[in-house]
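*Asks:* The structure under discussion is supplied below as structure tokens; questions concerning it will follow.
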């Protein structure tokens, strides 16, 4: 959701959003289709300057708030679906160690599930155990790096969200001041 008053940048932003949405392999949900149809319908209203009259501003503000609600409502389920897909991919990913131990197929399956029996490990040579240990250390390191990247991304998104909320508060405050000035002007006439 973009809170920019310039209608040309709104159209650019909508085009970028549609490219992003179509780049995903998931179909649009009915709620997102509804919000995109709402924004398409309201672009004609945005072409005239909505800040000229209070009702236009309030209409735009309500539309933006509704789009924000829809985006927030869709964010959690979409994130959960993405995490679940990544988890399934991770579960079915074959360990490179399994390629080194082709004569022990049950160990290959156990490595994919991250559980080895003591008996299996007793039957392995020290070199095979060292390969498994090194592989596990590299997997731990890559998962830690991925976690750090995801935490940084989460922090950036929180900062962006806070900035948007501050912008919304500023716009609302400005609208209230503008409305008060209009009513005082109307009362003084």
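Numbering (the working numbering), first residue to last: 16 to 204.
Backbone N, C-alpha and C fix where the C-beta goes; we use that ideal spot for every residue, glycine too.
Do you know how far the Cα of residue 95 is from the Cα of residue 132?
*Replies:* Each residue's Cα considered, the two are about 32 angstroms apart.
*Asks:* Please classify residue 225: is it buried, with 16 or more other beta-carbons within 10 angstroms of its beta-carbon, or exposed?
*Replies:* An answer regarding residue 225 cannot be provided, because it is not within the stretch 16 to 204 covered by the chain.
*Asks:* Indicate the three-state DSSP secondary structure (helix, strand or coil) for residue 87 in the structure shown.
*Replies:* Three-state DSSP puts residue 87 in a helix.
*Asks:* Exposed or buried, residue 75, counting other C-beta atoms within 10 Å across all chains shown (16 or more means buried)?
*Replies:* When all chains shown are included, residue 75 counts as buried.
*Asks:* For residue 77 and residue 169, I'd like the C-alpha separation in whole angstroms.
*Replies:* Answer to the nearest angstrom: the Cα atoms are 27 angstroms apart.
*Asks:* Kindly indicate the opening and closing residues of the alpha helix (DSSP H) around residue 131.
*Replies:* Neither: residue 131 is in no alpha helix (DSSP H) and is coded neither H nor E.
*Asks:* In angstroms, rounded to a whole number, what distance separates the CA positions of residue 202 and residue 177?
*Replies:* Taking the straight line from one Cα to the other gives about 37 angstroms.
*Asks:* Alpha helix (DSSP H) containing residue 140: first to last residue?
*Replies:* First-last for residue 140: undefined, no H or E at that position.
*Asks:* Tell me whether the beta-carbon of residue 72 lies closer than 8 angstroms to the beta-carbon of residue 196.
*Replies:* Result no, Cβ atoms of residue 72 and residue 196 do not sit closer than 8 angstroms.
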